[in-house]
Amino acid sequence: PCISISGEPPVDMQSQLSIFLDKKSQSLAEKGFRSEYKVGNIDPRINAKNCNTPLDFEFNRPPESQNNLTVKINCAGKKPWKLYVSINFTIFGDVVVASGSIRRGDAITAAQLETKKEVINISRYVSYSDIKDIAGMIAKRSIRHGAIIQANHIRPPKLVKRGDNVVIVATNSAISVRMNGTALMDGSLGEQISIKNNQSKRIVKGRVASTGLVNINL
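To convert, take the position in the sequence shown, counting from 1, and add 103; that gives the numbering used here.
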């Protein structure tokens with residue numbers, strides 16, 4: 104976001120930039136994150152440039168998404184100018200890690216997980232802060248002790264397996280009908296799979312709603 108800082112009495116650019124960055128750190132702290140920042144070099148001659156209006160400061164992208172950033176400093180006064188300053192903005196937060204080795208194909212339990220503080224804005228991979236989001240998932244690969252659990256490490260469990268007897272719930276705005284069927288493929292929660300209606304022998308597609316339950320729209 105772009106923030107204006109009036110500064111009465113006037114303060115230099117470096118001080119105003121520090122106020123802007125401190126405000127961001129404070130907003131992150133209110134959400135439970137610790138942060139640190141380091142400002143790139145600012146030429147003292149540029150730091151003393153005049154501006155008869157409050158300076159505007161704006162990140163080129165949210166610090167939550169990346170730690171190497173640029174802040175645009177903009178003077179919209181009678182003699183406008185702009186300046187770009189490099190910032191290293193590091194955010195620390197809880198991430199879920201493996202408390203021991205996890206084998207490929209294992210159903211992950213809460214006992215196999217723990218949280219620790221890590222830098223959360225340097226990786227392009229999705230990580231997790233809550234053990235509940237991972238417990239019950241299946242490991243797609245072997246995960247070493249201490250590794251940060253990432254989205255590409257896990258998958259939802261299969262709630263329906265090929266050949267399983269399932270209940271098909273067919274609904275529209277007026278009625279809901281239940282019938283027995285046979286799953287023709289594996290499926291996780293929300294996935295669309297093919298099912299054979301055991302009575303009509305027709306093959307239909309539906310979405311997995313829970314263990315052994317598939318929904319289709321009439």
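Built from N, CA and C at the ideal position, the CB exists for glycine as well.
Cutting at 8 Å between CB atoms, please list the residues of its own chain near residue i, excluding the five before and the five after it.
| i | result |
| --- | --- |
| M240 | A210, I211, I257, R258, P259 and P260 |
| F136 | I194, F195, G196 and I223 |
| D267 | T285, A286 and G315 |
| S204 | S245, I246, R247 and H248 |
Identify the continuous alpha helix (DSSP H) that holds residue i and give its terminal residues.
| i | result |
| --- | --- |
| Q117 | M116 to A132 |
By Cβ distance below 7 Å, which residues in the same chain neighbour residue i in space, the five residues on each side in sequence not counted?
| i | result |
| --- | --- |
| R206 | A242 and S245 |
| V114 | At V114, the pLDDT of 45 sits below 50, so the modelled position is not reliable and the matter cannot be decided from this model. |
| N300 | I271, M282, G284 and V307 |
| A213 | I234 and A238 |
| L262 | G290, S291, L292, V311, S313 and T314 |
Which value, in whole angstroms, describes the spacing of the CA atoms of residue i and residue j?
| i | j | result |
| --- | --- | --- |
| G110 | K235 | Because the pLDDT at G110 is just 44, under 50, the model does not fix this residue reliably, and the value given afterwards should be weighed accordingly. The straight-line gap from Cα to Cα measures roughly 46 Å. |
| V199 | G249 | 9 Å |
| K185 | L158 | 9 Å |
| L321 | R265 | 23 Å |
| N191 | E139 | 8 Å |
| A179 | N153 | 11 Å |
| A312 | S128 | 42 Å |
| L201 | I225 | Correcting the residue identity first, residue 201 is Ala in this sequence and not Leu. Taking the straight line from one Cα to the other gives about 19 Å. |
| K126 | Y231 | 26 Å |
| M288 | I298 | 8 Å |
| A277 | V317 | 19 Å |
| E221 | L124 | 21 Å |
What are the start and end residues of the beta strand (DSSP E) that includes residue i?
| i | result |
| --- | --- |
| V307 | I306 to S313 |
| Y228 | Segment: none, Y228 is in no beta strand (DSSP E) and carries neither H nor E. |
| A286 | S279 to A286 |
| L158 | L158 to F162 |
| D197 | W184 to A201 |
| E139 | R137 to V142 |
| Q295 | Q295 to N300 |
| L321 | Taken as a continuous stretch (DSSP letters only), L321 belongs to no beta strand (DSSP E), as it is neither H nor E. |
Can you have a look at residue i and say buried or exposed, based on whether 16 or more other CB atoms are within 10 angstroms of its CB?
| i | result |
| --- | --- |
| I229 | Note on identity: in this sequence residue 229 is Val, with Ile being the wrong assignment. By the 10 Å Cβ count, V229 comes out exposed. |
| P166 | buried |
| N170 | buried |
| Q302 | exposed |
| I122 | exposed |
| G309 | buried |
With DSSP collapsed to three states, give me the class of residue i.
| i | result |
| --- | --- |
| N268 | strand |
| P112 | A caution first: P112 carries a pLDDT of 41, below 50, which makes its placement in the model too unreliable to give a value. |
| A238 | coil |
| N177 | strand |
| Q169 | coil |
| Q215 | helix |
| A210 | strand |
| A273 | strand |
I want to check one thing, is the minimum distance from the CB of residue i to the heavy atoms of the ligand MG below 7 Å?
| i | result |
| --- | --- |
| D209 | With respect to small molecules bound, the structure shown includes none, and the ligand MG cannot be examined in it. |
Just checking: is the beta-carbon of residue i within a distance shorter than 8 Å of some beta-carbon in chain B?
| i | result |
| --- | --- |
| A286 | As a matter of chain content, chain B is missing from the structure shown, which is built from one protein chain. |
Residues in its own chain within less than 6 Å of residue i by CB, not counting five upstream and five downstream?
| i | result |
| --- | --- |
| A273 | V280, I319 and L321 |
| Q295 | K308 and R310 |
| T156 | A179 and G180 |
| A132 | none |
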